[in-house]
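Heads up: the structure comes next, in structure tokens.
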């Protein structure tokens, strides 16, 4: 009860899809997708929830990047709002004093909040041996995570429509 009251007073949190586009010269691979949650008190910093790796050499692993800056890249990117009213009880921001410099990013595999626990519940795409069946990539994993978040009432149904719009571009 008090959690809902606090959310009403503070306002909900915004959750975005960040799409990092491949360079024109890149030979293969789709754009990289991640979930971006801006820090409540320093919106230029935030948390990236994504998988890193590949399907041919090592498979993927889930990674949480705290104090990340989506603008700290040479790649073109787009931010797509998935939901602007996510319960603040599900998201933990690392204290601002821990932000050391613009290039500093704490990379973790252990969850610190419920959003990260939901993401970790979805297995990262495994290694696909030569000639094996495609088992997914960062985009399929994000689809699964967002679907789970919608199914569990964390994100609104419109988050899936936002992903669908990105997929058709």
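Numbering (our numbering), first residue to last: 227 to 395.
By construction, the Cβ of each residue, glycine as well, lies at the ideal position given by its N, Cα and C atoms.
Closest in C-alpha terms to residue 294, from the list 370, 348, 263, 375, comes 263.
Per the C-alpha coordinates, the member of 274, 256, 356 positioned closest to residue 320 is 274. Using a 10 angstroms sphere on the CB of residue 383, the tally of other CB atoms stays under 16, which defines it as exposed. Under the three-state reduction of DSSP, residue 340 is assigned to helix. The DSSP-derived three-state label of residue 240 is strand. Using a Cβ distance threshold of 9 Å, residue 340 and residue 306 do not count as a contacting pair. In the DSSP assignment, residue 377 falls within the alpha helix (DSSP H) that extends over 364-377. At a Cβ-Cβ threshold of 9 Å, residue 241 and residue 385 count as neighbours. The beta carbon of residue 303 sits closer than 8 Å to those of 244, 245, 246, 247, 296, all from its chain and outside the five residues before and after it, given in chain order. Rounded to whole angstroms, the Cβ separation of residue 257 and residue 308 is 16 Å, and the two are not in contact under 8 Å. Within the region 266-323, the runs of beta strand (DSSP E) at least 3 residues long that lie entirely inside it are, in chain order, 272-280, 285-294, 303-312. Boundaries of the beta strand (DSSP E) harbouring residue 264: 258-264, taken from the DSSP string.
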